[in-house]
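Quick notes on the structure that follows.
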Amino acid sequence: MLLSSACLSASWSPVKDKETPVAPLTLSDRLCEKQPWGACAMLSCPPPSAFWNKAEKCGTEPDDKFGQTAERLHKEMFTSVGGRLTFDPGSKVVHLPYVNYLRELGTTFLNAYTNSPICCPSRAAMWSGQFVHLTQSWNNYKCLNANATTWMDLLEANGYLTKMMGKLDFTSGSHSVSNRVEAWTRDVPFLLRQEGRPVTQLVGNKSTVRIMRKDWENTDKATQWIHQRGAASHQPFALYLGLNLPHPYRTESLGPTAGGSTFLTSPYWLEKVSSELINVPKWLPVSSMHPIDYYSTFTKNCSGDFTEEEVKSIRAFYYAMCAEADSMLGQVISALRETGLLNNTVMIFTADHGELAMEHRQFYKMSMFEGSSHVPLLIMGPGLKSGLQVDQLVSLVDLYPTVLDFAGVPAPGFISGHSLLSLLSKAGSFSKNQHPDWVLSEYHGCNVNTSTYMLRSGRWKYIAYADGLSVPPQLFDLTLDKEELHNVAFKYPDVQAHLDKLLRSIVDYPEVSATVHLYNKKAFGAWRNSLGGNYSQVIASLRWHVDWQKDMLAYERAIDKWLFGSL
Numbered sequence: 116m117l118l119s120s121a122c123l124s125a126s127w128s129p130v131k132d133k134e135t136p137v138a139p140l141t142l143s144d145r146l147c148e149k150q151p152w153g154a155c156a157m158l159s160c161p162p163p164s165a166f167w168n169k170a171e172k173c174g175t176e177p178d179d180k181f182g183q184t185a186e187r188l189h190k191e192m193f194t195s196v197g198g199r200l201t202f203d204p205g206s207k208v209v210h211l212p213y214v215n216y217l218r219e220l221g222t223t224f225l226n227a228y229t230n231s232p233i234c235c236p237s238r239a240a241m242w243s244g245q246f247v248h249l250t251q252s253w254n255n256y257k258c259l260n261a262n263a264t265t266w267m268d269l270l271e272a273n274g275y276l277t278k279m280m281g282k283l284d285f286t287s288g289s290h291s292v293s294n295r296v297e298a299w300t301r302d303v304p305f306l307l308r309q310e311g312r313p314v315t316q317l318v319g320n321k322s323t324v325r326i327m328r329k330d331w332e333n334t335d336k337a338t339q340w341i342h343q344r345g346a347a348s349h350q351p352f353a354l355y356l357g358l359n360l361p362h363p364y365r366t367e368s369l370g371p372t373a374g375g376s377t378f379l380t381s382p383y384w385l386e387k388v389s390s391e392l393i394n395v396p397k398w399l400p401v402s403s404m405h406p407i408d409y410y411s412t413f414t415k416n417c418s419g420d421f422t423e424e425e426v427k428s429i430r431a432f433y434y435a436m437c438a439e440a441d442s443m444l445g446q447v448i449s450a451l452r453e454t455g456l457l458n459n460t461v462m463i464f465t466a467d468h469g470e471l472a473m474e475h476r477q478f479y480k481m482s483m484f485e486g487s488s489h490v491p492l493l494i495m496g497p498g499l500k501s502g503l504q505v506d507q508l509v510s511l512v513d514l515y516p517t518v519l520d521f522a523g524v525p526a527p528g529f530i531s532g533h534s535l536l537s538l539l540s541k542a543g544s545f546s547k548n549q550h551p552d553w554v555l556s557e558y559h560g561c562n563v564n565t566s567t568y569m570l571r572s573g574r575w576k577y578i579a580y581a582d583g584l585s586v587p588p589q590l591f592d593l594t595l596d597k598e599e600l601h602n603v604a605f606k607y608p609d610v611q612a613h614l615d616k617l618l619r620s621i622v623d624y625p626e627v628s629a630t631v632h633l634y635n636k637k638a639f640g641a642w643r644n645s646l647g648g649n650y651s652q653v654i655a656s657l658r659w660h661v662d663w664q665k666d667m668l669a670y671e672r673a674i675d676k677w678l679f680g681s682l
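The number in our numbering is simply the position in the sequence shown, starting from 1, with 115 added.
The structure is reproduced here in structure tokens:
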């Protein structure tokens, strides 16, 4: 799953001994090229007969290849891939032949969203099929329990050969100490830079292809598995590959606690970018920014001055990193083709979140703006209409029931998602009433100083904060304001009220915010007590150490006041 922190690829083939017509590989020349993309997962299984019951009710002619459960599913998940790269104009800025291949021969979901714009909670939603407030996946440290039932578990229980490779990142206990402490203390009234200033770094030369070594190693393992196990197996199989690209790299010069603020690539990949097409995003004046957005900008170390060339360079390097990730996707596609599995495999490609790449004066994710929350979602497989574009609002929780639907495995009743199978019909004529006309995303982690809730419905994006009273909301008309520069919450009070009522019917967000606030205090207090006399030294050495050193005692007192009340 190319969920930015990521991407999902899933594949299926019919169980019946029936010859499946091979789709014409008009892009075969691309498939001979070995290049990278991000994260991947595959499923092989026959499509369920239940699908045809749905099709008949909707008056859709079933396709003979699609009327069986998926025998092979490949799911590829990337980190930090923006959804807009999978359709114009983003796809013109950088050469992404394998994403374009999936787009031309499969289905592109134009309005797919993460359920939480950060790595672990987003992946927790995808693997569990539940909104993050239901699993209490509050930050990169607090996500699913190790024994949580995923869709992969259900596939294995129903006879699938399953394999998970690369970046998984959906259970509790991972990520840096800095990341969790910054999330826990976000309610403390201080403002500290938690990241290095975003920079670019060029390495290698025009023949240097493999930059993100770990992702390439995992891609190699996945393709070897396809050749050695997938092709030889008489079982239906599901393969998941999670990649880190195009997530920024750690900034090594800032020491061992540094965050990931370096956009790094080689001339080989930079040549794939049409620099003349890169736009420099418009920014609001710092004085006009929403207070939550300003906090994010400052803690991400983006409140200083940037030249136009710096911004263009960051964006160019990001696109080049996407090109490298795309090549990894290409290697997986090549392996499927070489083993004869490509034309009977369902591939799902997605990401855990996007990358702002200096939109709204920010990099990274952790934001409800489109660059961060809008993710790619492409699905290709036998019987699916080529070149289909679906504008229905969908989100990552929908992948859980969708994968199970492909496999003919009943979905549990407690999940938040809805299967997308009805939107993938060859005729593309299923009723949208089967799927909600809204998506929910929420965020409770670092670099944002309160819980945030985003409801997308129609042309509107509504963003509410905390208890709904202490922080003003934001409302954007994405039809007229694609850059999300004009908050019209007070211009359209009726729209705001309607969307807030809808949001509260989905999640009691003031109650959830209070729960997170209490969790943050308890978790931080337990961590602090575990350090004993080393507390002051440890907290001063985290990612915010440059600013912390300026007034250590004042910052410690601010934490004490937040934790224990008035002193």
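Glycine included, C-beta positions come from ideal geometry on N, C-alpha and C. It should be emphasised that the depicted structure is a prediction, and the values quoted were computed from it without experimental measurement.
With contacts defined by Cβ atoms closer than 8 Å, L570 and L618 form a contacting pair. With distances taken between CA atoms, K321 lies nearest to K387 out of K387, P608, S442, F591. By the criterion of at least three beta-carbon pairs nearer than 8 Å, the stretch 555-573 is in contact with the stretch 499-514. A direct Cα-to-Cα measurement between S293 and Q309 gives close to 8 Å. M280 and K336 have their C-alpha atoms spaced approximately 8 Å apart. If you check the CB distance, Y624 and Y568 come in under 8 Å. The shortest CA-to-CA distance from L503 to any of Y216, T222, Y213 is the one to T222. Around the C-beta of P497, 16 or more other C-beta atoms lie within 10 Å, and the residue is accordingly described as buried.
Here the C-alpha atom of N333 lies approximately 42 Å from the C-alpha atom of E671. By the Cβ rule, the stretch 283-302 does not count as touching the stretch 335-350, because fewer than three pairs are nearer than 8 Å. When beta bridges are read from the DSSP output, H489 appears opposite Y228. H248 and N394 have their C-alpha atoms roughly 36 Å apart. Pairing F432 with P236, the inter-Cα distance amounts to about 26 Å. In this structure the stretch 299-319 lies against the stretch 654-672, because at least three pairs of beta carbons, one per stretch, are closer than 8 Å. Beta-bridge pairing by DSSP links W553 to S572. About 6 Å separates the CB atoms of I530 and P516; that is less than 8 Å, so the two are in contact. In the same chain as E474, and ignoring 5 residues on each side of it, the C-beta atoms closer than 6 Å to its own belong to P396, G486, in chain order. Of G357, A373, M436, M241, the smallest CA-CA separation from S656 is found for A373. Look at I530 here: in three-state DSSP terms it is coil, with no helix or strand label. A direct Cα-Cα distance of roughly 42 Å separates S501 from H405. Among the bridge pairs identified by DSSP, Y650 is matched with none.
The beta-carbon separation of L451 and F464, rounded to 13 Å, does not stay under the 8 Å limit for a contact. One thing to note: K576 has its Cβ no nearer than 8 Å to the Cβ of P232. When secondary structure is reduced to three states using DSSP, Y580 falls in the strand class. When rounded, the separation of the alpha-carbon atoms in A435 and S428 is 10 Å.
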